[in-house]
Structures are given as structure tokens and as C-alpha cells.
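First residue of the sequence shown: 501, per this note's numbering; consecutive thereafter. Built from N, CA and C at the ideal position, the CB exists for glycine as well. Below is one structure, written out as C-alpha cells; the observations come after it.
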Amino acid sequence: MGFSPKKLLNYIIGIAILSGIARVLLDYVPRLLNFSPILYYLTFLIAFILEITIIIYVIKKYKKTKGSLTIIDALKAGVIIMGIIGLFYCSMAYIYDVYIDPDFQTNMTLRFTEQFSPDQLEQVQQNINNQDTSKSYIGVIMYTIWFVFLGAAISLIAGSIFKTKEEIK
Numbered sequence: 501m502g503f504s505p506k507k508l509l510n511y512i513i514g515i516a517i518l519s520g521i522a523r524v525l526l527d528y529v530p531r532l533l534n535f536s537p538i539l540y541y542l543t544f545l546i547a548f549i550l551e552i553t554i555i556i557y558v559i560k561k562y563k564k565t566k567g568s569l570t571i572i573d574a575l576k577a578g579v580i581i582m583g584i585i586g587l588f589y590c591s592m593a594y595i596y597d598v599y600i601d602p603d604f605q606t607n608m609t610l611r612f613t614e615q616f617s618p619d620q621l622e623q624v625q626q627n628i629n630n631q632d633t634s635k636s637y638i639g640v641i642m643y644t645i646w647f648v649f650l651g652a653a654i655s656l657i658a659g660s661i662f663k664t665k666e667e668i669k
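As C-alpha cells, this is what we get:
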């Protein structure tokens with residue numbers, strides 16, 4: 501397969517969309533099945549490891565296809581991937597937390613506290629009662645930006661490792 505920037509971009513976007521769908525499922529299924537707090541929060545670590553793996557895989561594929569790799573190429577790939585994953589995940593979490601089960605986060609926090617720090621349960625309950633419970637779509641934007649930042653950091657590191665070394669003339 502020869503180098504074609506458009507094909508490569510379509511490939512990256514396709515991988516990102518599939519990864520976004522997988523990230524949504526990885527979060528949504530434990531919510532529906534009412535996993536224990538530790539198993540639910542463990543899905544965040546699993547997702548992060550998978551996201552790192554996907555970014556590294558795509559960067560290596562980019563280098564192999566193009567024949568060279570710059571830090572900018574790596575950053576483009578990582579930012580696109582994590583931007584799309586973040587948008588998918590944050591949108592799903594917002595819809596779920598606002599329209600499907602508005603008490604999910606509160607209940608998960610209380611279950612986690614009850615399981616690991618029962619003596620703090622009353623204080624946590626009081627903190628929850630005192631906090632602002634309004635939810636805004638601005639959170640979707642802010643957390644998506646956080647995903648983009650993580651993608652940039654991961655791809656910067658991977659790009660530094662896999663970048664093509666310039667020949668000294």
C-alpha cells in the first residue's frame with residue numbers, strides 16, 4: 501500500500517470511531533450490569549491502557565505506511581484518536597448521567613465509600629448534599645479537551661520514540 505494522506509487519515513478516523521464505540525461499551529455495560537465500584541472504576545484503567553496501545557499501533561502503522569514519522573505526524577494521530585474517543589465517551593456519560601440514571605454517580609460514590617471507608621460515609625453523604633447537582637454540556641467539552649490533552653501527551657512520547665531519525669550529511 502502506497503502512501504496516501506487521505507487514506508491514512510480515513511484509517512485513523514476509522515480506528516478512532518471504533519475505539520470510541522468500544523470505550524462507550526466498556527463504560528456503559530458495567531453501568532447497566534451494576535458492577536461493584538472497584539470493577540467499574542477498573543474499566544477506566546483498562547480503557548486507558550487500550551487507548552495507549554491503539555495510539556502506539558496507529559503511530560507505528562503511520563510510520564510504516566508513510567515511510568517516515570515526525571513528531572507532528574504522531575501528534576496528529578494521537579489527538580484525532582483521543583479527541584474522537586473523548587467525544588464519544590463524554591457524550592454517552594452526559595446522556596446517561598442526565599437522562600437515563602441521574603443518580604448513578606452519587607450512588608457509585610456512596611457504594612465505593614461504604615465498601616472502602618465506611619467511617620467516612622456520613623461525611624461523603626453530607627458533601628454530596630452540599631454540592632451543585634446541575635449538569636452542563638460544558639463538562640462534555642472540558643472532558644473531551646482532557647482526552648485530547650492525554651492523546652497529545654501519549655503521542656508525543658510515542659512519536660519521540662518512533663520518529664524517523666534524520667540522516668547526518
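| Check | Outcome |
| --- | --- |
| Alpha-carbon to alpha-carbon, residue 574 and residue 660 | 9 Å |
| For residue 589 and residue 519, the rounded distance between their alpha carbons | 10 Å |
| Length of the line joining the Cα atoms of residue 651 and residue 581 | 7 Å |
| Rounded C-alpha distance that separates residue 577 from residue 549 | 17 Å |
| Proximity below 9 Å, CB of residue 604 to CB of residue 531 | yes |
| C-beta atoms of residue 563 and residue 664 nearer than 9 Å | yes |
| Classification of residue 593 by the beta-carbon crowding that lies within 10 angstroms, buried from 16 upward | buried |
| Cβ contact check for the region 510-524 and the region 543-559: 3 or more pairs under 8 Å | yes |
| Residue 697 burial status per 10 Å Cβ neighbour count (16 or more: buried) | No information on residue 697 is available, as it lies outside the stretch 501 to 669 that the chain covers here. |
| Residue 677 (DSSP reduced to helix, strand or coil) | The question about residue 677 has no answer here: the residues shown for the chain are numbered 501 through 669. |
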